[in-house]
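Residue numbers (the numbering used here): 804 to 1456. Here's the structure, in structure tokens; my notes come after.
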């Protein structure tokens, strides 16, 4: 289906840049205005600005097709522009695997109202260039856990009928054999209960001080310890080494039936340790490169991963929008990797915690032995599923796994109870590995659908939203169609129209099971999960409607049909060859038009001209364009813009 939009934006950007450029380093800077915060909110991570943290590194993503994306001279010129506007020194560090750039911003910040304002000033300066798709501070991520004293006890998370994951019966179905799971975390320590379970790995910490190994990035994922004293990692206090990655790894793939230690959910799988967290945490720029590499993608200057992982576990997170994580996640998913993330331990909506708030991830909340949401666990409508994370009260109420006994550097191996969504996430990653071992042809979305469709409701309370429920390992694995055993469903639907309203009837079938989920895309940006929805369009035209159905085994199928609606008016509708006049829009806003294009049309062209101000033209088929999602963009100075679609599709632009 199609709907195309034109966006006209008037701006006084040049005047704003000139005025800001007149400040000397000694003068106080005017704080960022509310207007600027609103204007650039979709292209800058203002939420990450902190009164306690002085950011000196930023991740800048230039749009595909822009000169700054591909030309070093243009990129350097833009950095010089930002330096002139802010009175700071701006230097390029490196290109990231996602196509974004890491830059440093240093200099006297005393003339800014606060650390937070200085961060906002830098981001606004970058965002004023329309070629900047997104800018954010290179935030520090932290391990998502609540460590407690060491005690030995039973693994209720695997066996308890109320709070456990129904694991004992699942081992007879799949142990994850042949699947690799990347644990993107603090690295790994030697442990006899992990002997033979570790393959490959890499240390992606670029800061040698944080890495503690003296040489930054290298091929050794050994956990050097993440302890710090009271003044090293403000606003956080002193802490001992967590050996966090070792604990997570044990939940996934510790040796089982070896007469010692702990059992794991996917002991047939192998773990690829990828080190990104060191002293004071880990930077987003290092983590996004690690994500791409772990999934089998290419990272400049790093040897290819000989052990690409089908499952990635990130028991880490921080505040703010998804930002730069999304491009890395998209790459990993395109490489076939299932992406599992801890929801966070702040007892807040997960929308405020990244990368758990990113698209395409399995975000995991933590539950207690009583099957209730843990008091610390984040929650929300975008939580995908829950798993045992412990009560956070210490001892046997928490999750037992492999660990090291050292408080700073490594010492002897041990076992310990930890609590947190960090402990919940590896349960789901292990189940994903077991699912893929039974049917390696499944896509990341199919694995996700299988896990959620077979989860059970929380027996305890959950305020705020805990996803589909607590994972059920046995039920999930029983639903997997391995070796062609599960036949994909057949999507189909019929429809009737009346004016601008279309009424849809699902007639999909599944020969060996049932339809468990439906996803409608009405072609104008509208969606539904109902079986037989109705949808009213904003303008007459022909729309491409797609229905995707998922069966109880996690397989999907999609049916697409053209739906034509007429009458009713509404919206700004263009007629071929007839100019629309008098377009007006205030700074940062847009005006939208649609054009219905018949089959066989050629040389489709959208043109704007005349008037005052500075408007940009965006065109897209099938959904509303944005400044980062479009089929054609023209953004010359002034209002003379042209978008040419050489091969036009039938439908609405």
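From the three backbone atoms N, C-alpha and C, an ideal C-beta is built for every residue, glycine too.
Where residue i falls, given that 16 or more other Cβ within 10 Å makes a residue buried
i	result
residue 1251	buried
residue 1231	buried
residue 1242	buried
residue 1205	buried
residue 1211	exposed
residue 973	buried
residue 827	Confidence is the limiting factor: at residue 827 the pLDDT is only 31, short of 50, which leaves the residue's position unreliable and the question unanswerable from this model.
residue 1275	buried
residue 897	exposed
residue 1029	buried
residue 1229	buried
residue 1459	Here the chain has residues from 804 to 1456 only, and residue 1459 is not among them.
residue 930	buried
residue 1072	buried
residue 936	buried
residue 1299	exposed
residue 1382	exposed
Same chain, Cβ closer than 6 Å to residue i, neighbours up to 5 away in sequence not counted
i	result
residue 1132	1142, 1161, 1163
residue 1449	none
residue 868	none
residue 903	862, 864, 1127
residue 1437	1420, 1444, 1445, 1446
residue 1367	1345
residue 952	Below a pLDDT of 50, predicted positions are generally treated as unreliable, and residue 952, at 31, falls in that range; the measurement from the model is reported next regardless. Same-chain partners within the cutoff: 1197.
residue 1087	941, 942, 1127
residue 870	877
residue 977	1237, 1240, 1241, 1280
Residues near residue i in its chain [Cβ-Cβ closer than 7 Å; skip 5 each side]
i	result
residue 1021	1006
residue 1185	1153, 1154, 1160, 1166
residue 950	Note that residue 950 scores 36 on pLDDT, short of 50, meaning its location in the model is unreliable; the coordinates nonetheless yield the value given after this. Cβ neighbours of residue 950 beyond the five flanking positions: 1045, 1221.
residue 1260	1272
residue 1207	992, 1046, 1049, 1213, 1214, 1216, 1217
residue 1336	1307, 1323
residue 1453	1345, 1400, 1401, 1402
Residue span of the beta strand (DSSP E) that contains residue i, given as start and end
i	result
residue 1323	1318-1324
residue 1107	Counting along the chain, residue 1107 falls outside any beta strand (DSSP E), and DSSP gives it neither H nor E.
residue 1007	Where residue 1007 is concerned, there is no enclosing beta strand (DSSP E), given that its DSSP letter is neither H nor E.
residue 1296	1296-1301
residue 1218	1216-1222
residue 936	935-940
residue 898	892-898
Proximity below 8 Å, CB of residue i to CB of residue j
i	j	result
residue 1146	residue 1137	no
residue 1352	residue 1255	no
residue 1516	residue 1074	The structure shown does not extend to residue 1516, since the chain is modelled only from 804 through 1456, so no value can be given for it.
residue 1311	residue 1294	yes
residue 1202	residue 1209	no
residue 1224	residue 1180	yes
residue 1271	residue 1258	yes
residue 1014	residue 1081	yes
residue 1017	residue 1077	no
residue 1442	residue 1414	yes
residue 960	residue 1063	no
residue 1253	residue 1068	no
residue 1329	residue 1347	no
residue 1182	residue 1267	yes
residue 987	residue 1130	no
residue 1319	residue 1355	yes
residue 892	residue 835	no
Residues near residue i by beta carbon distance below 8 Å, same chain, minus five either side
i	result
residue 1123	848, 850, 851, 939, 942, 1155, 1157
residue 1249	1353, 1357, 1358, 1359
residue 918	852, 853, 854, 855, 856, 857, 858, 912
residue 1287	Any reading at residue 1287 needs caution, since the residue's pLDDT is 47, under 50, leaving its predicted position unreliable; the model's value is listed next. No residues qualify anywhere along the chain.
CB contact check: residue i to chain C, cutoff 8 Å
i	result
residue 985	Note that chain C does not occur in the displayed structure, where there is just one protein chain.
Limits of the unbroken alpha helix (DSSP H) element including residue i
i	result
residue 1277	1276-1282
residue 1377	It is not in any alpha helix (DSSP H) - residue 1377 carries neither H nor E in the DSSP assignment.
residue 918	918-930
residue 885	875-889
residue 961	959-962
residue 841	837-842
Query raised in the report: Going along the chain, which unbroken runs of the alpha helix (DSSP H) with 4 or more residues stay wholly within the segment 1404-1455?
Result: Within the segment 1404-1455, no complete alpha helix (DSSP H) run reaches 4 residues.
Query raised in the report: Can you give, in chain order, each stretch of the alpha helix (DSSP H) that sits fully within the segment 1054-1105 and has at least 4 residues?
Result: Those alpha helix (DSSP H) runs which fall completely within the segment 1054-1105 and span 4+ residues are 1087-1097.
Query raised in the report: Which runs of the alpha helix (DSSP H) spanning at least 4 residues fall entirely within the segment 974-1047, listed in chain order?
Result: Those alpha helix (DSSP H) runs which fall completely within the segment 974-1047 and span 4+ residues are 1011-1014.
Query raised in the report: Quick one: complete alpha helix (DSSP H) runs, 4+ long, within the segment 1115-1166?
Result: If we require 4 residues or more, the alpha helix (DSSP H) runs fully inside the segment 1115-1166 come out as 1128-1137.
Query raised in the report: What runs of the beta strand (DSSP E), each 3 residues or longer, lie entirely inside the segment 1169-1250?
Result: The segment 1169-1250 contains these whole beta strand (DSSP E) runs: 1188-1191, 1202-1207, 1216-1222.
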